[in-house]
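**Student:**
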Amino acid sequence: MIFEAWISVNDVKLKAYAEFFVIKGAKRSLLSKRTAEDLKVLKVGLDVHNIDLENGSFPKFPNIQVKLAIDESVPPRKVAYLRIPAAMEEKVDLRIQQMLQNDVIEPAVGPPEWISPMVVVPKGKDDIRLCINMKYPNQAIQREHYPLPMIDTLLNKLRGSTYFPKLDITSAFHHIELHPESRGITTFMTSRGLMRYKRLMFGINCAPEIFQRVMCEMLAGIEGVIVYIDDVVVAGETKEQHDRRLEEVLSVLRKNNAMLNEEKCLIGVKELEILGYKVSAAGISPTDDKISAIRNFRKPETKEETRSFLGLINFVGQFIPDLSTRTEPLRQYMRGETAAFGEDQEKAFNDLRNELSNTVRRLGFFDPKHETDLYVDASPVGLGAVLTQRDRLGTPRIISFASKGLTKAERVYPQTQREALAVVWAVEKFYPYLFGTSFTIYTDHKTLEYIYGGKHGDGKRACTRAEGWALRLQPYNFRIQHIPGSTNISDVLSRLCPYSESDVPFDEESEHYLCALDDGLSAIALDEIESETRSDETLTAVIEAIQSGLWPQNLIHYQPFAKELGVINGIVVRDDRIVLPAKLRPKALEIAHRGHPGAVSMRRSLRENVWWPYMDRDVGDRIQECAGCAAVSNQGPPEPMVRKEMPDRAWQEIAIDFFSAKECATCLVIVDYYSRFLKVVEMKSTTAAKTIEALESVFQEHMYPETIRSDNGPPFSSEEFLSYCKRKNVRSIRTIPYWPQMNGLVERQNQGILRALRIAKAVNADWRKAVKDYAHMYNTTPHTMTGKAPLELLTGRPVKYLLPSLRTEPNWNRDADVRDADAIKKMKGKLYSDNRRRAQQSEIAEGDTVLLKNYETGKLEPKFRLELFKVVKKTGSDTIVVNDEGVRYRRPVSHLRKWDVKSSEASRRALPGDQTEQQQSQSDPLVEMEDHSMEKEESQSGNVDERETELTRPRRKRKLPARYN
Numbered sequence: 001m002i003f004e005a006w007i008s009v010n011d012v013k014l015k016a017y018a019e020f021f022v023i024k025g026a027k028r029s030l031l032s033k034r035t036a037e038d039l040k041v042l043k044v045g046l047d048v049h050n051i052d053l054e055n056g057s058f059p060k061f062p063n064i065q066v067k068l069a070i071d072e073s074v075p076p077r078k079v080a081y082l083r084i085p086a087a088m089e090e091k092v093d094l095r096i097q098q099m100l101q102n103d104v105i106e107p108a109v110g111p112p113e114w115i116s117p118m119v120v121v122p123k124g125k126d127d128i129r130l131c132i133n134m135k136y137p138n139q140a141i142q143r144e145h146y147p148l149p150m151i152d153t154l155l156n157k158l159r160g161s162t163y164f165p166k167l168d169i170t171s172a173f174h175h176i177e178l179h180p181e182s183r184g185i186t187t188f189m190t191s192r193g194l195m196r197y198k199r200l201m202f203g204i205n206c207a208p209e210i211f212q213r214v215m216c217e218m219l220a221g222i223e224g225v226i227v228y229i230d231d232v233v234v235a236g237e238t239k240e241q242h243d244r245r246l247e248e249v250l251s252v253l254r255k256n257n258a259m260l261n262e263e264k265c266l267i268g269v270k271e272l273e274i275l276g277y278k279v280s281a282a283g284i285s286p287t288d289d290k291i292s293a294i295r296n297f298r299k300p301e302t303k304e305e306t307r308s309f310l311g312l313i314n315f316v317g318q319f320i321p322d323l324s325t326r327t328e329p330l331r332q333y334m335r336g337e338t339a340a341f342g343e344d345q346e347k348a349f350n351d352l353r354n355e356l357s358n359t360v361r362r363l364g365f366f367d368p369k370h371e372t373d374l375y376v377d378a379s380p381v382g383l384g385a386v387l388t389q390r391d392r393l394g395t396p397r398i399i400s401f402a403s404k405g406l407t408k409a410e411r412v413y414p415q416t417q418r419e420a421l422a423v424v425w426a427v428e429k430f431y432p433y434l435f436g437t438s439f440t441i442y443t444d445h446k447t448l449e450y451i452y453g454g455k456h457g458d459g460k461r462a463c464t465r466a467e468g469w470a471l472r473l474q475p476y477n478f479r480i481q482h483i484p485g486s487t488n489i490s491d492v493l494s495r496l497c498p499y500s501e502s503d504v505p506f507d508e509e510s511e512h513y514l515c516a517l518d519d520g521l522s523a524i525a526l527d528e529i530e531s532e533t534r535s536d537e538t539l540t541a542v543i544e545a546i547q548s549g550l551w552p553q554n555l556i557h558y559q560p561f562a563k564e565l566g567v568i569n570g571i572v573v574r575d576d577r578i579v580l581p582a583k584l585r586p587k588a589l590e591i592a593h594r595g596h597p598g599a600v601s602m603r604r605s606l607r608e609n610v611w612w613p614y615m616d617r618d619v620g621d622r623i624q625e626c627a628g629c630a631a632v633s634n635q636g637p638p639e640p641m642v643r644k645e646m647p648d649r650a651w652q653e654i655a656i657d658f659f660s661a662k663e664c665a666t667c668l669v670i671v672d673y674y675s676r677f678l679k680v681v682e683m684k685s686t687t688a689a690k691t692i693e694a695l696e697s698v699f700q701e702h703m704y705p706e707t708i709r710s711d712n713g714p715p716f717s718s719e720e721f722l723s724y725c726k727r728k729n730v731r732s733i734r735t736i737p738y739w740p741q742m743n744g745l746v747e748r749q750n751q752g753i754l755r756a757l758r759i760a761k762a763v764n765a766d767w768r769k770a771v772k773d774y775a776h777m778y779n780t781t782p783h784t785m786t787g788k789a790p791l792e793l794l795t796g797r798p799v800k801y802l803l804p805s806l807r808t809e810p811n812w813n814r815d816a817d818v819r820d821a822d823a824i825k826k827m828k829g830k831l832y833s834d835n836r837r838r839a840q841q842s843e844i845a846e847g848d849t850v851l852l853k854n855y856e857t858g859k860l861e862p863k864f865r866l867e868l869f870k871v872v873k874k875t876g877s878d879t880i881v882v883n884d885e886g887v888r889y890r891r892p893v894s895h896l897r898k899w900d901v902k903s904s905e906a907s908r909r910a911l912p913g914d915q916t917e918q919q920q921s922q923s924d925p926l927v928e929m930e931d932h933s934m935e936k937e938e939s940q941s942g943n944v945d946e947r948e949t950e951l952t953r954p955r956r957k958r959k960l961p962a963r964y965n
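The opening residue of the sequence shown carries number 1 in UniProt numbering; numbering runs sequentially from there.
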């Protein structure tokens, strides 16, 4: 017996769908290698991956703590917090939580001296990258100046070897722990408060040198080992020597808790590319990448492109013999002595291109001690870069070339962004040469000095595309310098590079999705219908019934239409429509659903040509199964309102929120749930510390409440605010994300404040006085729900206002009938609102699979995300959902759409021939089972204009194809 089922081990997040084979007489159960790997109980590969981690933390080198050298003369900087886009807040919180669990970061305690901003950079489609802008801290961190190995020295160690395994360390810098005294300079601001790094981070300017020193000391004494930052190369002349040295290296790494990246590790290879050179038993030679950009040059088409090419040739002209003679045909074209770029010019161009590529091969190795320059340029069609070095005498030599054609998306970038793209692309292209060294970037675009040179101002501009690229270059030590375009030798590479065939921009190359022109649908041919009809048992029985006139019980859904059914050349027809076999019906539904029409349009398209029983129902099922239609479907009706009960006393439960307008300062709005008393506090900053300070000033007057209800804003969800509430014995309740109605009392007050501000602007009055007058008016006016003024319920005494009043007797009861009046008004409001909004109870329950509302803005954005979630908890409208990876979200139930997870075959009920006896007995043979209710609804709602239905429109007789006449 064979069956399939889901299985899991320990953690429900790790599960696999496996096929089980039940064998009679077997005494032992076996688990396959594939299933074991899916469940992560088996790891095939390097043992260095399998480290017993304490408390799930990221591994670290034992007994190593690095203390950064900090220049105390550099004044500390505290950069303002950059707000995170709302759509990314949950992803950022999840990433920060992972880093806390991995022991990479920790909460910062006490007042910090340094605060760096955190910027979120999208990575692929659904992932993010957290970048800490260490521009100012790097000015104070002193470098160790530990020498990186010279390339010629490294390559000489590999001579004579035949095996070249290479090991790559995962998140290498995080293996080194920072000394507690050095962690403060890495402090950064998050929505959860201040955090700081416990490990060496990618962004500190001296990190490569520190890691190089640690690795060299760790692997010292093992022969044939080359360390270049996070890459470890082990050379072996024989297989035995290779195995012995590799085992020694792995043993040392294992003892020091090093975790390797299995995908980037190469074991037992006989050829290796490192730093632009190919190393093998045959010797050392430059890789084709160094000169591929030159060999792929296209022929110049203009004098400008020819001038750029000659500029590159002149840069290394001293190494090219007979340069003036060989360039003369090109100079003739530049002087206008030849009308066009002819054969002589093309011959000279090819000769110089080959000579240049050969010259680069002869110029020698990259030397970290020599001055390194990187020339970059961008044209409307491509990017170019030239890596050069100058020896102690100032003699230049070219190390490598690179070029890249721009995609369609990149060609429409503004010129500044294209030039900025050229810089980050070139630096990352030459990462093996530039990382850990000091170099100069030359560009002919002046603006880049402000973008990459740190001359721009701080603030939210750091979230733009070019500034995001600038953050990626923080680990590199470079300066950027402007040069005239005529001296930029990389100009020719950007102009003469081949055109790109890719449509994926550089910053999205890791993960992309292309739209195909062919949708994969093919027509249903008559021959195919005829063939499938012969193999369809139900239609074969229908043909026999038509010919004999005897209709068995299992054809009860065809018998009512016996007078309309016929057979033409082996195909069953109903009047002028073809009765499709069961096997072709899913294909017909796919064709009719092309372009994602609605149910009415889809049914009408099918009815014009084909028919089968329950066709309308199958159309509805197909639309329900379509993920695209589900993603853009309308949101379901709202849930009935749940009104909050009135607290027992005044100032027991309060609601708070921030209100801000363009023309005035931000205000903290506080409302008491019992008395509806309103308090407005002007705020100069909305940080957690300032929010606590404002609340303290109010609580000094009214004491501390039992509960504070707020939204999920950064100040209210920060660790600092939650810690404050815990110290004061105040319960903090946060509303459901994207559901402001849950804090409707204070949201309603924001509308009143906004109205007062608009009036103040209209009459040119002071906005502060307008807000103050509104709050005073509100607190002294009887409330519509309680019938008493908020100030009266708060203080327990009648309000003596400017108007005369007789309610001054001392025994007046402030609570009389207040609670009853509040409950009655709330119930009336609930009934009216539920009826007006057509609210109804949601059918979603715990265990259901649902789609989540998409909160991205834009006309083309779908209304629901296609990722599937499972409801794990539901309390009223408050719903907790989780996906397969264990990511949890809290959402209102009205923002969810139920998704029926079932295959297209299982979703369609069995038709006659496959039906059970019970289903057949419930069928009505006199009524065709087609549902027209949706057409009726859409017609009545105005969505469909004069839709003809199957039962009302007259049947049009059409001519059949010639082969059936």
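The beta-carbon is built from N, C-alpha and C at its ideal position, and this holds for glycine as well. Just so we're clear, the structure is a prediction, and the values are computed from it rather than from any experiment.
Nearest CA to the CA of S486: which residue from G436, A340 and G311?
**Tutor:** The candidate whose alpha carbon is nearest that of S486 is G311.
**Student:** Assuming A655 and N729 are in contact, meaning their beta carbons sit under 8 Å apart, how far apart are those beta carbons, in whole angstroms?
**Tutor:** Not a contact, Cβ separation roughly 19 Å.
**Student:** Any idea which residues DSSP pairs I654 with across the strands?
**Tutor:** According to DSSP, I654 bridges with D672 and I708.
**Student:** Kindly indicate the opening and closing residues of the alpha helix (DSSP H) around G744.
**Tutor:** Unbroken alpha helix (DSSP H) run through G744: G744 to A762.
**Student:** By DSSP, does T416 sit in helix, in strand, or in coil?
**Tutor:** Three-state result, T416: helix.
**Student:** DSSP on P560, reduced to helix/strand/coil?
**Tutor:** Helix, per DSSP.
**Student:** Between the alpha carbons of W812 and K800, how many angstroms are there, rounded?
**Tutor:** Only weak support exists for where W812 lies, its pLDDT of 48 falling under 50; the value from the coordinates is given anyway. Whole-angstrom Cα-Cα distance: 14 Å.
**Student:** Whose C-beta lies closer than 7 Å to the C-beta of K662 among residues of the same chain, with five residues either side of it excluded?
**Tutor:** Excluding positions up to five away in sequence, the list is empty.
**Student:** Once the 5 residues before and after A462 are set aside, which same chain residues still bring their CB inside 6 Å of it?
**Tutor:** Only weak support is given to the placement of A462: the predicted model assigns it a pLDDT of 39, under 50, and the value that follows is read from those uncertain coordinates. Contacts found: V119.
**Student:** Just how far apart, CA to CA, sit I759 and Y778?
**Tutor:** Computed Cα separation, rounded: 16 Å.
**Student:** Strictly by DSSP, which residues pair up with M683?
**Tutor:** M683 is bridged to T666.
**Student:** Across the segment 198-205 and the segment 397-406, are there enough close Cβ pairs to call them in contact, namely three or more that are closer than 8 Å?
**Tutor:** Contact between the segment 198-205 and the segment 397-406 is absent, because fewer than three Cβ pairs lie under 8 Å.
**Student:** Return yes when the Cβ of S718 is within less than 7 Å of the Cβ of R192, no when it is not.
**Tutor:** Their beta carbons are under 7 Å apart, which means R192 touches S718 by this criterion.
**Student:** My output table needs one value for L526: the three-state DSSP class, helix, strand or coil.
**Tutor:** It is helical.
**Student:** Look at the Cβ atom of V427, then the Cβ atom of L421, and state whether they are nearer than 7 Å.
**Tutor:** Contact flag unset, no.
**Student:** Over what stretch of residues does the alpha helix (DSSP H) that includes V698 continue unbroken?
**Tutor:** Start and end: A688 to H702.
**Student:** Sorted by chain position, which residues of the same chain lie with C-beta nearer than 6 Å to R712's C-beta, five sequence neighbours on each side aside?
**Tutor:** At residue 712 the sequence reads Asn, which differs from the Arg that was named. For N712, where only same-chain residues beyond five positions count, the Cβ hits under 6 Å are R734 and P737.
**Student:** What does the alpha-carbon distance come out to for the pair Q559 and F869?
**Tutor:** Looking at the two C-alpha atoms, the distance is approximately 44 Å.
**Student:** Do T879 and V871 have their beta-carbon atoms positioned less than 7 Å apart in this structure?
**Tutor:** The answer is yes: Cβ separation under 7 Å.
**Student:** Does the segment 326-339 come close enough to the segment 368-383 that 3 or more CB-CB pairs lie under 8 Å?
**Tutor:** With the cut-off at 8 Å, the segment 368-383 and the segment 326-339 do not touch.
**Student:** Cα separation between L550 and R622?
**Tutor:** Roughly 34 Å separates the two Cα atoms.
**Student:** In whole angstroms, what separates the C-alpha of T691 from that of P112?
**Tutor:** T691 and P112: Cα-Cα distance of roughly 19 Å.
**Student:** Please report the distance separating the alpha-carbon of V233 from that of G436.
**Tutor:** Distance between the alpha carbons of V233 and G436 is about 18 Å.
**Student:** Which class does E181 belong to by DSSP, given the choice of helix, strand or coil?
**Tutor:** Looking at E181 - three-state DSSP - the assignment turns out to be helix.
**Student:** Would you call the segment 536-550 and the segment 576-583 in contact, with 3 or more CB pairs under 8 Å?
**Tutor:** Yes, the segment 536-550 touches the segment 576-583.
**Student:** Can you tell me whether Y855 is buried or exposed, with buried defined as 16 or more other CB within 10 angstroms of its CB?
**Tutor:** Exposed, since its Cβ has fewer than 16 Cβ neighbours within 10 Å.
**Student:** Nearest by alpha-carbon distance to Y673: which of A694, A650 and T447 is it?
**Tutor:** Nearest of A694, A650 and T447 to Y673, Cα basis: A650.
**Student:** Please go through the same chain and pick out, in chain order, the residues whose beta-carbon is closer than 7 Å to the beta-carbon of S904, but skip the five residues on each side of it.
**Tutor:** Its pLDDT being 36, under 50, S904 is placed unreliably by the model, and the measurement read from it follows with that caveat. Excluding residues within five positions, the ones whose Cβ falls inside 7 Å are P586 and E625.
**Student:** E113: beta carbon under 6 Å from a heavy atom of the ligand ZN?
**Tutor:** Among the components modelled here there is no ligand, and therefore nothing to report on the ligand ZN.
**Student:** Can you pull the DSSP bridge partners for E410?
**Tutor:** None, per the DSSP bridge assignment.
**Student:** Under the DSSP definition of a beta bridge, which residues are partnered with K166?
**Tutor:** Looking at the DSSP assignment, K166 forms a beta bridge with V233 and L266.
**Student:** Excluding the 5 residues preceding and the 5 following I844 in the sequence, name in chain order all residues of the same chain whose CB lies nearer than 8 Å to its CB.
**Tutor:** So the qualifying residues of the chain are V850, V871, K874, T879, V893, L896 and K898.
**Student:** Contact defined as beta carbons within less than 8 Å: I believe G268 pairs with S161. What is the distance between those atoms, to the nearest angstrom?
**Tutor:** Wrong, their Cβ atoms sit about 12 Å apart, outside the cutoff.
**Student:** Alpha carbon to alpha carbon, how far is K347 from V412?
**Tutor:** Straight-line Cα distance between these residues: approximately 35 Å.
**Student:** If I measure Cβ to Cβ from S660 and keep anything under 6 Å in the same chain, skipping five residues before and after, which residues do I get?
**Tutor:** Excluding sequence neighbours, S660 sits near T666.
**Student:** What three-state label does DSSP hand Q332 in the structure shown?
**Tutor:** Q332: helix per DSSP, three-state reduction.
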